[in-house]
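Peer 1: Below is the structure I would like to discuss, written out as structure tokens.
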Ligand code: ZN
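Numbering (the working numbering), first residue to last: 2 to 192.
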């Protein structure tokens, strides 16, 4: 996977300018003059997950927790780019885990979602990467992640199915092996 300190935004802007020409546009016209650099900055932001490290994202925000209850965070907004078309997919993520005495700050769960979303992704892998990271960072007994998302590459091109959404899930540890735990998770994240 690409690991780069910083993007060369000027170079990306030049490529976008070339793309505009190939698309039949005139990149010197008023409305497009600043577009290449704007697009470069937008891509820099939307792919910044490549340049983030999990240790820095979590930043030691662990808290001791005596009980092994299930922690649930749901309706986490998610915006990503599909790796097949570089078009957005967006939706919501629900996370559940059972700690072994160590819980993560709630905002950190959302930041982990952002870190893996801001890359070129497929929804299935994104779901797994979030689950793996939380399992590893919290050394949890089990983790479950469910993502429901709409893909613009399906909505505005191809099959043009505007109302379809995709649901993916990843379950690890006790969420995988214990049917009761999994059912509790699924019932807790229901709206
Ligand atoms: Zn796509």
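All C-beta atoms in this analysis are idealised placements derived from N, C-alpha and C, irrespective of residue type, glycine included.
Name the two residues that bound the continuous beta strand (DSSP E) containing residue 147.
Peer 2: Residue 147 -> beta strand (DSSP E) spans 143-152.
Peer 1: Hey, would you say residue 219 sits closer than 8 angstroms to residue 144, going by beta carbons?
Peer 2: One cannot answer for residue 219 here, as it falls past the ends of the chain, which runs 2 to 192.
Peer 1: If you measure from each residue's Cβ to the nearest non-hydrogen atom of ligand 1, which ones come out under 5 angstroms, in chain order?
Peer 2: Qualifying residues come out as 83, 85, 86, 154.
Peer 1: Tell me whether residue 29 sits in a helix, a strand or coil according to DSSP, three-state version.
Peer 2: Reduced to three states, the DSSP call for residue 29 is coil.
Peer 1: Considering just the uninterrupted stretch of the beta strand (DSSP E) at residue 98, what are its terminal residues?
Peer 2: Counting along the chain, the beta strand (DSSP E) containing residue 98 begins and ends at 89-99.
Peer 1: What's the gap between the Cα of residue 183 and the Cα of residue 177?
Peer 2: So the alpha carbons of these two residues sit roughly 7 angstroms apart.
Peer 1: In three-state terms, what does DSSP make of residue 106?
Peer 2: Here residue 106 sits in coil by DSSP.
Peer 1: Taking 8 angstroms as the threshold (C-beta atoms), are residue 98 and residue 79 in contact?
Peer 2: No, they are not a contact pair.
Peer 1: Please name the residue or residues paired with residue 78 in a DSSP beta bridge.
Peer 2: According to DSSP, residue 78 bridges with 93.
Peer 1: With a 10 Å radius around its C-beta and 16 neighbouring C-beta atoms as the bar for buried, classify residue 87 as buried or exposed.
Peer 2: So residue 87 counts as exposed.
Peer 1: Run through DSSP, which three-state label would residue 73 get?
Peer 2: The answer is strand: DSSP assigns residue 73 an E or B state.
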